[in-house]
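Shown next, in C-alpha cells, is the structure this report addresses.
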Amino acid sequence: MIRPRLRLRTKLLLVTLALLGIPWAGYRYVREMDGFLRHAQESTLLGTARAVATVLDDRPRLMTPRPDLVRALREDRDLYAYPLKNPIQLDGYAEDWSDYLDRALTYGPEHRLAGSGPPDSLSFRNLVGVRGSYLYALFLVRDDHRVYRAPDSLRLDQSDHLIIALQDPAGRFHRYLLTTRAPGWVNAYEVDAAGHGAPHPEVRIQGEWQETPGGYTVELRIPETLVGNKLAFAVADVDDPRRRTVREVIGTAGVTTVAALGTVMTPSPRIQAILRGLSRANARLWVVNRQGRVLALTGSLRPPPDETLARNGAGPRADNGGLLNLIYRLVLRQPTDQFDDALAGASRLQGSDVQAALAGHGAVRWRHTPHARAVILSAAYPIHDGGTVAGAVVAEQTGNAILTLRNRAMVNLFNVTLVVFAAATLALVLFASRLSGRIRRLRNQLDAAIGPDGRVQPAAISGRRAGDELGDLARGVDGVLQRLAEYTRYLEGMAGRLSHELRTPLTVVRSSLENLEHLDLPAQSRPYITRAREGLDRLGTILTRLSEATRLEQALQQAERERFDLAALVSGCTAGYRDAYPRRRFEADVPAGPVMLTGVPDLLAQLLDKLVANAMDFGPPDRPVRIALSATPGQAVLEVINDGPPLPAGTADRLFESLVSLREDRGDSPHLGLGLYIVRLIAQFHGGHARAENREDGAGVVFRVTLPRD
Amino acid sequence: MSRRIAIVEDEPAIRENYADVLRRQGYTVQGYAARQEALQAFRTRLPDLAILDIGLGNEVEGGFDLCRELRALSRTVPIIFLTARDQDMDIISGLRLGADDYLTKDISLPHLGARVAALFRRTEALESAPREEDLVNAGALELDTQRLSARWDETPVELTVTEFWIVHALARRPGHVRSRDQLMGEASTVVDDSTVTSHIKRIRRKMAEAGADPGCIETVYGMGYRWKPAR
C-alpha cells in the first residue's frame with residue numbers, strides 16, 4: 087500500500103478545514119437569534135393586538151349595534167358587505183366586481199325557501215359591497231326560463247323577481263320586490279310582509295337588470311340609511327309565462343319575518359377610525375366579531391411603495407452584484423413583497439389564533455402565503471365586553487423583517503468567516519512554509535554535514551538560536567554532529583595516535599636490543615636477537631603506515647600547489663618503477679605532449695605509487711601493470727589497470743575507505759587498507775575522485791582517478 | 651675530559667638505553683625526567699649537547715619550552731630533538747626554536763651515535779679554520795663537511811645536520827639521481843618518503859632564502875632527486 091506523502095503545508099491546510107466549524111456555529115447562532123426574533127415579534131404583535139383590543143374593550147355599541155340580535159348565525163344566512171375600492175356603475179355587468187367575484191357566495195336548491203323544481207333550474211351567486219353611503223349588491227342568476235313581467239300586469243310577483251327583506255335602523259321590517267318588463271333600469275317596490283297590498287315604489291333602491299346566457303344579472307344599489315343590521319335577499323323564479331306562478335324561491339335567508347333575516351355585516355366606520363389611529367407600518371389590523379366576521383381592517387402587509395425591500399437590504403449591497411452576492415441570493419431565501427395574500431378582503435377570519443382569541447385568550451400563528459413566498463405572523467387578542475368575548479383584534483405582519491435581519495446576519499457571518507478563513511489559511515500557509523523551510527534547511531544542512539563518503543564535515547547548523555522545538559532539534563542535531571565529528575576525528579586519528587603511543591614501547595624494545603648486541607652474548611642467542619630485530623622492523627613499518635594517512639592529511643593542509651606536467655610525472659614514475667622492480671613489466675600509455683595540471687606533484691606521485699603498489703599486489707607477477715593517462719581540456723584521467731581477480735560486487739566504493747582491505751592472502755608486508763584511502767584523499771584534494779571497477783572483459787580491475795584541469 | 655650529554659626523557663627505559671649507548675662511546679651522560687629538573691641542572695652547568703624529548707610527563711610540549719630556555723642560556727650548545735612525534739608541524743616547530751636536528755625514535759642507536767659525533771665535530775670545527783680537503787663545491791654552493799655548514803655565494807645557509815647530509819649527497823654527484831632511500835642512508839636517518847619530501851622542501855626554501863635557484867634540487871618523479879648540474 088502506498089501511503090500518500092503529505093507535505094507539512096498540505097497537512098496544515100487540512101487542519102485549516104477545522105475552521106469550517108466557525109460558520110456552522112455561526113449558523114446555529116443565527117438560527118437561535120432567528121427564534122428569539124420571532125418570539126420578540128410574536129410578543130410585540132400580540133402586544134399590539136392587545137393594545138388595540140383594550141381600546142375596543144367594553145364598547146358594546148361599537149362591536150354589536152344591537153346586542154339583542156347577537157346570536158349564533160349560520161354563515162350563509164349572513165351577508166358581508168365588502169368595502170368596495172372601485173366605484174360601481176349600475177350597468178348590469180359584473181366587471182366592476184371583478185376583485186371580489188371569487189368571494190361570491192352561491193345559493194342553490196339547499197337554500198330553497200319555497201316551491202320546488204329541477205335541481206339546476208335556479209341558482210344564483212351574490213356579492214354585497216359598501217361604498218360611500220350605498221350598499222351595493224350583485225346577483226348572478228342562473229335561470230333556465232326567463233319570464234318578465236307582463237306588460238299589462240300590475241302584479242309584481244308573476245314574473246322572475248328579486249325580494250329584498252331588511253330591517254331599517256329604526257328596527258322596522260321592510261320588504262321590497264324588484265321585477266322588470268324588460269332588461270334595463272329597475273326600481274324596487276315596497277310591499278307588505280305578506281306580499282299583498284298596493285306596491286309602493288321605492289326609487290331609492292335602484293338597479294340594472296341584464297340578460298345573460300342561461301340567466302340574468304341584477305346589479306343594484308341601496309342607500310345605507312335604509313339598511314339596519316338585518317338583510318336578506320331572495321330570487322323567485324317563474325317558469326311558465328302563461329300560468330305565471332312562482333315555482334321556486336331561493337334566498338340568502340328567510341324574507342318573511344325579521345327573525346328569519348340574515349345579518350349584514352358592514353365594516354364599522356367608527357372602529358375603522360379608531361384602528362387608523364393605531365395602525366402600524368407594515369402591519370395589518372383586523373377587528374372581527376364573535377363570528378370571525380371582519381368589522382374593520384387597516385394597514386397593509388406590503389410596505390408603502392417608496393420603501394422597497396430591495397433598499398432595506400435583502401443582500402449586503404444589492405447594487406454590488408458580485409459572484410458572492412449572486413451565491414447569497416441563490417442560497418438564502420429572500421424576503422419579497424410579491425406574495426399572494428389570500429386574506430386581503432376576506433369577510434371572515436379563521437385560524438387557530440382567531441379561534442383562541444374568540445375563546446378568550448390571545449394567540450399567535452405563523453402561516454405561509456400561497457406558494458410559500460412569505461411567512462405571515464398573526465396575533466389575535468380577544469375584545470371583552472363586560473365579561474364576554476365580543477370579538478377579537480387580529481394583527482398581522484410578515485416575517486420579512488426577521489428574514490431580512492437573518493439574511494443580513496448570515497451574509498455578515500459568511501463574509502466574516504470567509505475573511506477569517508482566508509486570513510487563517512494565509513497565516514497557516516506562511517507559517518507552514520516557514521516551518522517546512524526551516525526543516526528543509528535543517529535537513530539539507532544535515533545532508534551536507536555527512537559527506538558522500540560518510541565523513542562528518544564541519545558545518546554549522548543554522549537556526550540553533552531559535553527557542554522553539556525546531557531550535558531544540560537544530561541544537562540536538564548540531565550536538566550530535568559535533569560529537570559524531572569528534573568521534574570520526576577520534577577514529578581517524580586513532581591510527582596516528584596508536585602509532586604514536588606504540589612508538590615509545592617500541593623504542594624501549596629497539597634500544598634495549600641494540601644495547602644487547604654490544605654485550606658478549608652466546609652465539610646461539612644471535613638468531614633470536616636477529617629475529618627480534620626483524621619483528622621490530624615490521625612493527626615499525628606498520629606504525630609508519632598507520633600514521634601515514636594522518637600525516638598526509640596534515641600535509642594536505644600545508645601543500646602548495648604548482649603548475650606542472652602530469653605526463654612527465656607519470657613517465658618519470660613509470661621509469662622509476664621499472665628500475666625499482668626490474669622483474670615486473672610496466673606498460674605506460676602517456677600522451678606525447680605535456681598535460682599541464684595545477685596541483686602538488688609529490689602528492690600525485692604518491693598517489694601513483696599507491697595505485698601501482700596495489701596493482702602489483704593484485705596482478706599476476708607475469709602480467710604487466712598498465713598505466714594510462716588521457717587528457718581532455720577539462721580533465722585528466724589516470725588509469726592503473728591490473729590483470730588480477732575482479733572485485734566482489736558492491737565493494738568498489740568501500741575500497742577507498744580507511745582501514746578497508748579486501749586482500750584474502752596476507753603477504754609478507756603488512757596491509758592496513760590505507761593505500762587506496764590515501765589515493766582518495768589526494769584525488770579529493772585535487773578536486774577529483776577515484777573509482778575502481780572491473781574491466782569489461784572481466785580479466786582485471788581498473789583504478790581510475792579523474793582530476794579536473796583548469 | 652669527556653663531553654657531557656644531557657638526555658631529557660620521561661621514559662626511564664629509553665633514557666637509560668640511550669645513556670648506556672652514549673656512555674659506551676665515551677661520553678658523560680646525565681639523564682633528566684622532567685623539564686624543571688633539567689633546567690635546574692642546565693643553569694648550574696651547561697651540557698655540551700642536549701637530547702630532548704618533546705612530551706615530558708604531563709607537559710605535552712615541555713621539550714619545546716626547554717629548548718627555548720636552553721637556547722636562552724646558550725646560543726651554541728647543540729640541541730637534538732629525539733621524539734616519537736614525527737609530524738611535520740612538530741619538526742618545523744622544533745627546528746624553528748633553534749634545535750640543530752630533529753630525529754624520530756625510529757632511528758637506530760648507531761645512527762644516533764653518528765649524529766652526536768657529527769654535531770660535536772661541527773662544534774669543534776667551528777673553533778678551527780676550515781680545511782681545504784673538507785670543502786665540497788657544486789657551483790655556487792660550498793659545503794664544509796667538517797663544520798657541517800653550507801654557503802651559497804658566500805651567504806651561509808642554515809641547514810640542520812640531516813639537511814646538510816641530504817644536500818651533500820646530492821651536490822657531491824651533480825646530475826645523478828638519488829633515491830629517497832639513498833638520501834636517508836646518506837643522512838644516517840630513518841624516515842619515510844614523505845619526511846624526505848618535507849626535508850627537501852625545507853632545503854629548497856632555505857637555499858632560496860640564501861639566493862639560490864630553488865630548482866637546483868630537481869625532483870625526478872618516481873625515482874628521487876638530483877642536483878641540477880651548473881650550466
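One line per chain: the protein sequences are A and B, in this order.
Residue 418 in the working numbering sits at position 332 of the first sequence; the count goes up by one each step and never skips.
Residue 733 in the working numbering sits at position 83 of the second sequence; the count goes up by one each step and never skips.
Idealized CB from N, CA, C, for every residue including glycine.
Rounded to the nearest angstrom, the Cβ distance from A/L213 to A/D323 is 20 Å, too far for a contact under 8 Å. It is roughly 11 Å from the alpha-carbon of B/I741 to the alpha-carbon of B/A734. DSSP, reduced to helix, strand and coil, places A/E196 within a helical segment of the structure shown. Around B/M834, no beta-carbon contact reaches into chain A at under 9 Å, the shortest distance being about 13 Å.
Interface criterion met: the Cβ of A/E600 is under 8 Å from a Cβ in chain B.
The beta-carbon distance between A/L387 and A/I462, rounded to whole angstroms, is 7 Å. This is short enough to meet the 8 Å contact definition. The alpha-carbon separation between B/T805 and B/L747 amounts to approximately 22 Å. Runs of the beta strand (DSSP E) spanning 3 or more residues and lying entirely within the stretch 436–478 of chain A occur at 449–454, 461–471, in chain order.
When beta bridges are read from the DSSP output, B/R654 appears opposite B/T678. Nearest to A/D229 by C-alpha distance, out of A/G626, A/R211, A/P734, A/E555, is A/R211. For A/L383, the uninterrupted beta strand (DSSP E) segment begins and ends at 380–385. In terms of Cβ geometry, A/F650 and A/I713 do not form a close pair [threshold 8 Å].
Apart from sequence neighbours up to five positions away, the residues of its chain that approach A/A442 with a beta-carbon distance below 6 Å are A449, ordered along the chain. Pairwise C-beta distances place the stretch 517–528 of chain A out of contact with the stretch 102–110 of chain A, as fewer than three of them are shorter than 8 Å. Near chain A, meaning a CB-to-CB distance below 7 Å, the residues of the stretch 739–759 of chain B are M739, K755, D756, S758, L759.
Residue pairing by DSSP places B/I729 opposite B/A700 in a beta bridge. DSSP, read as helix, strand or coil, puts B/K878 in coil. The secondary-structure analysis by DSSP pairs B/T805 across a beta bridge with B/W802.
For A/L655, a Cβ of chain B is located within less than 8 Å of the residue's own Cβ. One finds V870, Y871, G872, M873 in chain B with Cβ atoms closer than 7 Å to the Cβ of A/G658, taken in chain order. Within the stretch 229–312 of chain A, no complete alpha helix (DSSP H) segment of 4 residues or longer occurs. For A/R709, same chain residues with a beta-carbon under 7 Å away, outside a window of 5 residues either side, are D729 in chain order. Among the residues of chain B, none has a CB under 9 Å from the CB of A/G621; the nearest is roughly 15 Å distant. Taking A/G761 as reference, the option from A/A382, A/T192, A/G553, A/L694 with the minimal CA-CA separation is A/L694. Taking the CA atoms as reference points, A/D439 sits about 55 Å from A/A236. Contact annotation: in the stretch 674–699 of chain A, residues whose CB is within less than 8 Å of a CB in chain B are P687, D688, A691, Q692, L694, D695.
DSSP places B/L785 inside the beta strand (DSSP E), whose first and last residues are 785–788. Along the stretch 785–815 of chain B, none of the residues has a CB nearer than 9 Å to a CB of chain A. DSSP, read as helix, strand or coil, puts B/P864 in helix. For a Cβ distance threshold of 9 Å, residue set S597, E600, N601, H604 of chain A lies close to B/V671, ordered along the chain. Straight-line measurement puts the Cα of A/T266 at about 48 Å from the Cα of A/H470.
Comparing alpha-carbon positions, the option among B/L833, B/E859, B/A860 lying closest to B/W877 turns out to be B/L833. Taking the Cα positions, A/Q436 is about 21 Å away from A/S129.
Within chain B, D756 have C-beta atoms less than 7 Å from the C-beta of A/G626, given in sequence order. Less than 8 Å separates the beta-carbon of B/A684 from that of B/G707.
If you draw a straight line from the Cα of B/H761 to the Cα of B/D660, it is about 22 Å long.
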